[in-house]
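Chemist: In short: position in the sequence shown from 1, add 4, done, that's the working numbering.
Pasting in a structure now, in structure tokens, and then I'll have a few things to ask.
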Amino acid sequence: MTRTQQLPERHPKLIVFDLDYTLWEEWIDSTSGPPFSYDKAKNVVYDRDGYEMHLFKTTTAIFALIHNSMPNTKIAIASRTHTPDWAYAALKLLRIPELNMTMHAAIERFEIYPSSKIKHFEALRRKTGIDCSEMIFFDDEWRNNEVRTLGVHFHHVDSRKGVTMQQFMDALSKYDRDSRYVQTKLDFSKHTSQ
Numbered sequence: 005m006t007r008t009q010q011l012p013e014r015h016p017k018l019i020v021f022d023l024d025y026t027l028w029e030e031w032i033d034s035t036s037g038p039p040f041s042y043d044k045a046k047n048v049v050y051d052r053d054g055y056e057m058h059l060f061k062t063t064t065a066i067f068a069l070i071h072n073s074m075p076n077t078k079i080a081i082a083s084r085t086h087t088p089d090w091a092y093a094a095l096k097l098l099r100i101p102e103l104n105m106t107m108h109a110a111i112e113r114f115e116i117y118p119s120s121k122i123k124h125f126e127a128l129r130r131k132t133g134i135d136c137s138e139m140i141f142f143d144d145e146w147r148n149n150e151v152r153t154l155g156v157h158f159h160h161v162d163s164r165k166g167v168t169m170q171q172f173m174d175a176l177s178k179y180d181r182d183s184r185y186v187q188t189k190l191d192f193s194k195h196t197s198q
């Protein structure tokens, strides 16, 4: 976030990220898998064949921004990977230097298993008690915009860049505008029904 950017007034209660080509530059199930090793200097994970897997450039800054500036907003993961254990292992190694913690420690909820994103979000709603209309979701696969039918604020990610800071800030601003519109509509309905 630059000096000229400010967070909007209203924040979602839950920000959900896909993993592959959204937070990191790989399909985790296309790597050769564990045992993984970690290079602290580069903040990268190596699979058993030595292939390097790293986070997109702004991933850690976005997580730090949520933790430092949005105290009532939680982070969740919704991924349909066929190797959930590999994803958990990588998340436990990759770090957020700005927060001095692992990615895994910064995440509140995990829905990592082969399934539709609808099922992931129904589970998130059930487990958190947060309505889907108070969630933002970032994913590189357009087909996953199906979660909009639940009220989720979906944002499509360029798989070559992951979630950029500009896209993240734009998503927060759109959420703020949309939630104000809904609140105004609700307030107006109260006054007209009397």
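All C-beta atoms in this analysis are idealised placements derived from N, C-alpha and C, irrespective of residue type, glycine included.
In angstroms with no decimal places, state the Cα-to-Cα distance between residue 120 and residue 148.
Modeler: Mapped onto the sequence shown, residue 120 falls at position 116. Mapped onto the sequence shown, residue 148 falls at position 144. Roughly 8 Å between the two C-alpha positions.
Chemist: Which of the three DSSP states, helix, strand or coil, is assigned to residue 153?
Modeler: Taking the sequence shown and counting its residues from 1, the one referred to as residue 153 is at position 149. Residue state, collapsed to three classes: helix.
Chemist: Under the three-state reduction of DSSP, which class applies to residue 42: helix, strand or coil?
Modeler: The residue you call residue 42 lines up with position 38 of the sequence shown. Correct three-state label for residue 42: strand.
Chemist: So for residue 79, helix, strand or coil by DSSP?
Modeler: Looking up residue 79 in the sequence shown gives position 75. The answer is strand: DSSP assigns residue 79 an E or B state.
Chemist: Leaving out the 5 sequence neighbours to the left and right, which residues in its chain are closer than 8 Å to residue 68 when beta-carbon positions are compared?
Modeler: Here residue 68 is taken as the residue at index 64 of the sequence shown, counted from 1. Once the five neighbours on either side are set aside, the close Cβ partners of residue 68 are 100, 102 and 103.
Chemist: Evaluate residue 75 with the Cβ neighbour count: other Cβ atoms within 10 Å of its Cβ, from every protein chain shown; 16 or more gives buried, anything less gives exposed.
Modeler: Locating residue 75 in the sequence shown gives position 71, where the first residue counts as 1. It is exposed - the Cβ of residue 75 has fewer than 16 other Cβ atoms within 10 Å.
Chemist: So, for residue 129: in the same chain, excluding its five sequence neighbours on each side, which residues have a beta-carbon less than 6 Å away from its beta-carbon?
Modeler: Numbered from its first residue, the sequence shown carries residue 129 at position 125. So the list reads 136, once near-sequence residues are dropped.
Chemist: Rounded to whole angstroms, what's the CA-CA distance from residue 153 to residue 92? Just pull it up for me.
Modeler: Numbered from 1 along the sequence shown, position 149 holds the residue referred to as residue 153. Numbered from 1 along the sequence shown, position 88 holds the residue referred to as residue 92. So the alpha carbons of these two residues sit roughly 28 Å apart.
Chemist: Whole beta strand (DSSP E) runs in the stretch 57 to 120 with 3 or more residues, listed along the chain?
Modeler: Those beta strand (DSSP E) runs which fall completely within the stretch 57 to 120 and span 3+ residues are 78 to 83 and 113 to 116.
Chemist: Short check: CB of residue 142 to CB of residue 19, under 9 Å?
Modeler: Counting from 1 along the sequence shown, the entry for residue 142 is found at position 138. Counting from 1 along the sequence shown, the entry for residue 19 is found at position 15. The answer is yes: Cβ separation under 9 Å.
Chemist: Nearest to residue 164 by alpha carbon, out of 13, 26 and 115?
Modeler: As a position in the sequence shown, residue 164 is number 160, starting the count at 1. Checking every option, the nearest Cα to that of residue 164 belongs to 26.
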